[in-house]
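Asker: I am attaching a structure below and will ask some questions about it afterwards.
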Amino acid sequence: MGGNFWFGRSRERSQSAQNEPLPSATAEYSSPAKDEQDLWYDGTTSEDDLSPIKGSKRANGAGSLVSIPSLDPEEEAILLPYMPALFGKDLPPCGAEIQVAYDNVNTRLRQRWLSHRGQLSASDICQTVKEELSNQNLMWPAFCFKAGQFKKRKPWRRENVFHYEVRWIDYFVREAQAPEPMTESEIVDREKQPSVPNVLGFTCDKKEVLELWDAWHTKKRARAPAVPGTAMDAASGLEALTLKSAAGEGANRVEEDSGASVASSVTVVEQPAAEHREHGEGETQAGSNAWCQDDHD
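All residue numbers for the sequence shown refer to my numbering, where the first residue is 221 and numbers rise by one.
Here is the structure:
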């Protein structure tokens, strides 16, 4: 009896569903409420959880929304004399692929410095380019993909070239962070460094090649004037003022020391003269007394 009861109820529900009118074809679609939308799906993505497309754009340097106007030739010609010597165009004395990697990194650094009109320091410029290359190396490491897949890295370059680009940017960051002016101990430590930077991962034992490396380092480490009106210009002016005041204090101290030494020498000279004078007067008085005594006799 129980089975017939449940069977009858099920049959009644199916018949009532069939008797309900069908929705009109012209009826408007009502979208679910906002709470229901948030309950089932979320159309926004977190900035921390990057999609492959977003990660690819950020790795290739397309994640910045800041547009900087390009330079005209006249403005570029004005800024070039103030460009840091570290970003000079002289190529290092090494193989062709390593030179291409250096030129790629150096060109990006020069363009970035010019686009910011010299307002950023060399260290900040190098850190920015290092972040971009690190992101590319994280997404598409050198020698870790099949043929053709590494072409996703933009701009495209050979794997060995990109491998040395990641090494060269470490060199630029290290040189840009070197303090100026350097103390004697820091200068000694720099002189002890090998001619070929360790970050490149190779060595050389030819004396003439090492001399070329040393000459190249000398050009890269030359000090260029800061762009007028920038924070670096104010810092260099303050540094020059500090050095000038320190030099003035040193000169005054030397003059004081020399004046004191002259005064002491004059005192030493005058003292024997006074003694000689007193001794002479004593001898004259003794002679006159003796002469008077002879006359008296």
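The beta carbon of each residue, even a glycine, is placed where N, CA and C say it ideally should be.
1. Taking C-alpha atoms, which residue in Leu306, Ala316, Leu334 lies nearest to Glu296?
2. For Ser341, count neighbouring Cβ atoms within 10 angstroms of its own Cβ and tell me buried if that reaches 16, exposed if not.
3. Tell me whether Gln331 sits in a helix, a strand or coil according to DSSP, three-state version.
4. Put Gly449 into one of helix, strand or coil per three-state DSSP.
5. Which of the three DSSP states is assigned to Trp360 in this structure?
6. Which first and last residues belong to the alpha helix (DSSP H) in which Asp390 is found?
7. Give the single residue among Lys374, Leu358, Trp388 whose Cα lies nearest to the Cα of Glu317.
8. Starting from the Cα of Leu329, find the closest Cα among His336, Cys346, Gly315, Pro313 and give me that residue.
9. For the alpha helix (DSSP H) containing Trp436, name the first residue and the last one.
10. Just the C-alpha distance for Asn380 and Val386, rounded to the nearest angstrom, thanks.
11. Excluding five sequence neighbours on each side, which residues of the same chain lie with their C-beta closer than 8 Å to the C-beta of His437?
12. Go to Ser405, then tell me how far its alpha helix (DSSP H) extends in each direction, as first and last residue.
13. Do Tyr322 and Pro312 come within 8 Å of each other at the CB atom, strictly closer than that value?
14. Out of Gly338, Val320, Pro293, point me to the one whose CA is closest to Met303's CA.
15. Just mark Lys309 as buried or exposed, buried being the case when its beta carbon has 16 or more other beta carbons within 10 Å.
16. Given a cut-off of 8 Å, decide if Arg373 and Phe363 are closer than it, judged by their beta-carbon atoms.
17. How would you write the range of the alpha helix (DSSP H) that Leu311 sits in, first residue to last?
18. Sort Pro293, Phe392, Glu404 by Cα distance to Ile418 and report the nearest one.
19. Can you give the Cα-Cα distance for Ile407 and Pro445, rounded to whole angstroms?
20. Taking the Cβ atom as the reference point for each residue, do Ala396 and Ser343 lie within a distance shorter than 8 Å?
21. May I have the straight-line CA-CA distance separating Lys439 from Gln356, to the nearest angstrom?
22. Mapping DSSP to helix, strand and coil, what is Ala245?
23. Between Glu431 and Ser354, what straight-line distance do the alpha-carbon atoms span, to the nearest angstrom?
24. Please report the distance separating the alpha-carbon of Ala442 from that of Pro293.
25. By Cβ distance, which residues of its chain are closer than 6 Å to Arg378, with the 5 residues on each side in sequence left out?
26. Considering only the alpha carbon of each residue, which of Val429, Leu358, Glu351, Arg332 lies closest to Leu300?
27. Just to check my reading of the structure: Val325 and Val349 have Cβ atoms closer than 8 Å, yes? What is that Cβ distance to the nearest angstrom?
28. Can you give me the C-alpha to C-alpha distance between Trp376 and Gly315, rounded to a whole angstrom?
Answerer: In short, the structure shows the following:
1. Reading the sequence shown from its first residue, position 76 is the one you call residue 296. Among Leu306, Ala316, Leu334, the Cα nearest to that of Glu296 belongs to Leu334.
2. As a working mapping, residue 341 is identified with position 121 in the sequence shown. Buried: at least 16 other Cβ atoms inside 10 Å.
3. Here the question's residue 331 lines up with position 111 in the sequence shown. Here Gln331 sits in helix by DSSP.
4. Counting from 1 along the sequence shown, the entry for residue 449 is found at position 229. Correct three-state label for Gly449: coil.
5. Here the question's residue 360 lines up with position 140 in the sequence shown. Correct three-state label for Trp360: coil.
6. The count along the sequence shown starts at 1 and reaches residue 390 at position 170. Note, Asp390: alpha helix (DSSP H), 379-396.
7. Taking the sequence shown and counting its residues from 1, one reaches residue 317 at position 97. When only C-alpha atoms are compared, the closest one is Trp388.
8. Translated into positions along the sequence shown, residue 329 becomes position 109. Considering only alpha carbons, the answer is Cys346.
9. Indexing the sequence shown from 1 puts residue 436 at position 216. 427-440 is the span of the alpha helix (DSSP H), which, as asked, contains Trp436.
10. Translated into positions along the sequence shown, residue 380 becomes position 160. Translated into positions along the sequence shown, residue 386 becomes position 166. The straight-line gap from Cα to Cα measures roughly 10 Å.
11. Your numbering for residue 437 matches position 217 in the sequence shown. If we look at His437 and ignore the five residues flanking it on each side, its Cβ neighbours are Ser415.
12. Indexing the sequence shown from 1 puts residue 405 at position 185. Unbroken alpha helix (DSSP H) run through Ser405: 404-412.
13. The count along the sequence shown starts at 1 and reaches residue 312 at position 92. The count along the sequence shown starts at 1 and reaches residue 322 at position 102. Yes; because the gap between Cβ atoms is below 8 Å, this pair is in contact.
14. As a working mapping, residue 303 is identified with position 83 in the sequence shown. Closest by alpha carbon: Gly338.
15. Reading the sequence shown from its first residue, position 89 is the one you call residue 309. That one is exposed.
16. Position 143 of the sequence shown holds residue 363. Position 153 of the sequence shown holds residue 373. No, they are not a contact pair.
17. Taking the first residue of the sequence shown as 1, we reach residue 311 at position 91. Where Leu311 is concerned, there is no enclosing alpha helix (DSSP H), given that its DSSP letter is neither H nor E.
18. The residue given as residue 418 occupies position 198 in the sequence shown. First, the residue type needs correcting, since residue 418 is Asn and not Ile in the sequence shown. For the residues Pro293, Phe392, Glu404, the minimum Cα distance to Asn418 belongs to Phe392.
19. Indexing the sequence shown from 1 puts residue 407 at position 187. Indexing the sequence shown from 1 puts residue 445 at position 225. Approximately 21 Å, taken between the alpha carbons.
20. Position 176 of the sequence shown holds residue 396. Position 123 of the sequence shown holds residue 343. Their beta carbons are under 8 Å apart, which means Ala396 touches Ser343 by this criterion.
21. To locate residue 439, count along the sequence shown from 1; it is residue 219. To locate residue 356, count along the sequence shown from 1; it is residue 136. Distance between the alpha carbons of Lys439 and Gln356: 30 Å.
22. Within the sequence shown, residue 245 is the residue found at index 25, counting from 1. In this prediction, Ala245 has a pLDDT of 46, which is less than 50 and means its spatial position is unreliable; what the coordinates show is noted afterwards. Reduced to three states, the DSSP call for Ala245 is coil.
23. Numbered from 1 along the sequence shown, position 211 holds the residue referred to as residue 431. Numbered from 1 along the sequence shown, position 134 holds the residue referred to as residue 354. Going by the C-alpha atoms only, they are around 32 Å apart.
24. Indexing the sequence shown from 1 puts residue 442 at position 222. Indexing the sequence shown from 1 puts residue 293 at position 73. About 25 Å.
25. If you number the sequence shown from 1, residue 378 lands on position 158. Closer than 6 Å at the Cβ level, and outside the excluded window around Arg378, lies no residue.
26. The residue given as residue 300 occupies position 80 in the sequence shown. Of the listed residues, the one whose Cα sits closest to Leu300 is Arg332.
27. What you label residue 325 is simply residue 105 of the sequence shown in a count that begins at 1. What you label residue 349 is simply residue 129 of the sequence shown in a count that begins at 1. Correct: roughly 7 Å between the Cβ atoms.
28. The residue you call residue 376 lines up with position 156 of the sequence shown. The residue you call residue 315 lines up with position 95 of the sequence shown. Each residue's Cα considered, the two are about 20 Å apart.
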